[in-house]
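Student:
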Amino acid sequence: MSLFWRIYLLNAAVLTVAAGLLMLGPVTVSTPVLFTEALIVTAGLAAMLAANAVLLRIGLAPLQRLTRAMTTIDLLQPGPRPAVSGHAAIADLIRTFNTMLDRLEAERATSSARALSAQEGERRRIAQELHDEVGQTLTAVLLDLKRVADQAPEPVRSQVHQVQESTRDSLDEIRRIARRLRPGVLDELGLISALKALTTEISGHTGLSVRQHFDANLPDLGHEAELVCYRVAQEALTNTARHAHAVHVELTLRRTPAGVQLCVRDDGRGLRRSTEGAGIRGMRERALLVRAQLSLGASPTGGTEVRLHLPDPDGSL
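Going by full-length UniProt numbering, the first residue of the sequence shown is number 1, and it counts up by one from there.
1) If I follow the unbroken alpha helix (DSSP H) through residue 156, where does it start and stop?
2) Looking only at its own chain, which residues have a Cβ that is under 7 Å from the Cβ of residue 11, when we skip the five neighbours before and after it?
3) Between residue 268 and residue 246, is the Cβ-Cβ spacing less than 8 Å?
4) Spatial neighbours of residue 317 within its chain, please: CB distance less than 8 Å, with the 5 preceding and 5 following residues excluded, ordered by chain position.
5) Suppose contacts are defined by Cβ-Cβ distances below 8 Å. Is residue 210 in contact with residue 249 by that definition?
6) Give the DSSP bridge partners of residue 130, in chain order.
7) Could you tell me which uninterrupted beta strand (DSSP E) segments, each at least 3 residues in length, are contained entirely in the stretch 198–262, listed from first to last along the chain?
8) My output table needs one value for residue 296: the three-state DSSP class, helix, strand or coil.
9) Just reading off the alpha helix (DSSP H) that residue 286 is part of, what are its end residues?
10) How many angstroms separate the CA atom of residue 156 from the CA atom of residue 204?
11) Would you kindly work out how many angstroms separate the C-alpha atoms of residue 92 and residue 104, rounded to a whole number?
12) So what does DSSP say about residue 266, is it helix, strand or coil?
13) What does DSSP give as the partner residues of residue 311 in its beta bridges?
14) Identify every residue that forms a DSSP beta bridge with residue 305.
15) If you measure between the beta carbons of residue 266 and residue 240, is that distance less than 8 Å?
16) Beta-carbon within less than 6 Å of residue 236's beta-carbon, same chain only, minus the 5 sequence neighbours each way: which residues are those?
17) DSSP state of residue 7, grouped into three classes?
18) State the DSSP-derived secondary structure class of residue 121, mapped to helix, strand or coil.
19) For residue 282, is the classification buried or exposed, using 16 other Cβ atoms within 10 angstroms of its Cβ as the cut-off for buried?
20) Am I right that residue 66 and residue 82 are in contact with their C-beta atoms under 8 Å? What's the rounded C-beta distance?
21) Taking the alpha-carbon positions, what's the residue 15 to residue 57 distance?
22) Whole angstroms is fine: what's the gap from residue 262's alpha carbon to residue 191's?
23) State the Cα-Cα distance for the pair residue 7 and residue 18, rounded to the nearest angstrom.
24) For residue 39, name the three-state secondary structure that DSSP assigns.
25) Would the beta-carbon of residue 116 fall within 8 Å of that of residue 138?
26) Three-state secondary structure (DSSP) at residue 192?
27) In chain order, what residues of the same chain have a beta carbon less than 7 Å from the beta carbon of residue 279, not counting five sequence neighbours either side?
28) Among the residues of its own chain, which have a CB less than 8 Å from the CB of residue 287, if the five just before and after it don't count?
29) Which of the three DSSP states, helix, strand or coil, is assigned to residue 83?
30) Please look up how many angstroms separate the CB atoms of residue 218 and residue 176, rounded, as I've assumed it's under 8 Å.
31) Please state whether DSSP places residue 94 in a helix, a strand or coil.
Here it is, written out as C-alpha cells:
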C-alpha cells in the first residue's frame, strides 16, 4: 500500500468512527447550538485530531529516521545503513536510499582511486625530474664551483666556498623533497624501513622527539595498503610538526586480530574543534581505498591521536 493510501485510509477511519458515534450516539445538535452540545463536539474534534496525530506519527516514524540519516551521512566516514522498516512505499524508499548510498560510495571510491593514482604518478614524475634534472644540474654547479675555488685567490675563495655551501644545502633540500614525493625506501626496503626513515627526517628537520615501535612478524599488506599507511603517517607527522606545537610524538605499528593498526600520537594542543582540512580528508579518502578505518581524536597525553586500522590481506575488518 502506498503512502498516500495509508494516510488517506487512516484519516478516513478516524472520520468514519466519529461520524458513527455522532449518528448512533445520544448526542444531537440543535439550532441554535447549545453550550453542552458545543462542548461535546469540541471534545470529539480534539479526540479525532489527537488520534490522527498519533497514527500519523507512528506511520511516518521511519521517514523521520531516514531524514536524520540523510542529514548526517558522510561518504568519507561510512556508517550503518538505516534499518528497512515501515510498510510498502516507506520501506521501498529506505531500501532505495541504501542502494543509492552503496552506489555513491562505490563511485566515489573509484574516482578517488583514479585521482590518487594520478597524484602518485605525478609525484613520481616530479621527484624523478627533481633528481635527474635539477639534482644533476646543481651537482655540476658544485663541481664547477670547486674548480673555481681551487684557482681563485684567497678573498674570492672564501666567497666561493659560501656559495658552495648554499648550493649544497639547496641540493640536499631538493633531494629531501624528492624523497617525500616518492618514497623510494618503501619500494626497495618495505614499510617499516620507510617509516623509520620518515621519522628520522621529521625529527631532524623539526626538532620533534619521535618515539617509534613496530611489532615483529607484521603481515604483508600489499603495495597499495603499505602506501596508504605511509602517506597517512606522513600527513599525520607533518600536521603535528606544523600545527600541534608538540614536543613528543609517538608512532606505533602493531598487529591486531583484525589486521594492522597504525597510531600517531602527540602531546600538542589537540584538535580544538577545528574543521577537517584537505590533509585529513585526503587521509580518509586513502583509507577508504583499502577498506581501512581512520579515526581522529584526543590522545591520553592531551594532544591528537590518529589511528588507521588496516584489514588483514585475506579478510576484512
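Glycine residues also receive a C-beta, built at the ideal position from the N, C-alpha and C atoms. Given the structure is predicted, the values throughout are model-derived calculations rather than measurements.
Tutor: So, from the listed chains and residues:
1) First-last of the alpha helix (DSSP H) with residue 156: 154–181.
2) Leaving aside the five residues that flank residue 11 on each side, the residues in its chain whose CB is nearer than 7 Å to its CB run, in chain order, 52.
3) For the 8 Å CB-CB criterion, residue 268 and residue 246 form a contact.
4) Interpretation of residue 317 is limited by its pLDDT of 42, a score under 50 that renders its predicted location unreliable; the figure taken from the coordinates is listed afterwards. In the same chain as residue 317, and ignoring 5 residues on each side of it, the C-beta atoms closer than 8 Å to its own belong to 258, 259, 291, 292, 293, 309, 311, in chain order.
5) Yes, these two residues count as a Cβ contact at 8 Å.
6) Under DSSP, residue 130 takes part in no beta bridge, so it has no partner.
7) If we require 3 residues or more, the beta strand (DSSP E) runs fully inside the stretch 198–262 come out as 209–214, 248–256.
8) Of the three classes helix, strand and coil, the one that applies to residue 296 here is strand, per DSSP.
9) Element bounds for residue 286: 278–289.
10) Taking the straight line from one Cα to the other gives about 33 Å.
11) Rounded to whole angstroms, residue 92 to residue 104 spans 18 Å at the Cα level.
12) It is a strand residue.
13) Beta-bridge partners assigned by DSSP to residue 311: 259.
14) Looking at the DSSP assignment, residue 305 forms a beta bridge with 265, 297.
15) The beta carbons of residue 266 and residue 240 sit closer together than 8 Å.
16) These residues qualify, in order along the chain: 264, 306.
17) Helix, per DSSP.
18) If DSSP states are grouped into helix, strand and coil, residue 121 belongs with the helices.
19) Counting Cβ neighbours within 10 Å, residue 282 comes out buried, since at least 16 surround it.
20) Between residue 82 and residue 66 the Cβ distance is about 5 Å, and since that is below 8 Å, they are a contact.
21) Rounded to the nearest angstrom, the two C-alpha atoms are 17 Å apart.
22) Straight across, the Cα-Cα distance linking residue 262 with residue 191 is about 11 Å.
23) Our two residues, residue 7 and residue 18, have alpha carbons roughly 17 Å apart in a direct line.
24) Residue state, collapsed to three classes: helix.
25) Not closer than 8 Å, so no.
26) Three-state DSSP puts residue 192 in a helix.
27) These residues qualify, in order along the chain: 235, 239.
28) Taken in chain order, the residues that qualify are 228, 232, 293, 294, 308.
29) Three-state result, residue 83: coil.
30) By a beta-carbon distance limit of 8 Å, residue 218 does not contact residue 176. Their separation comes to about 27 Å.
31) The answer is helix: DSSP assigns residue 94 an H, G or I state.
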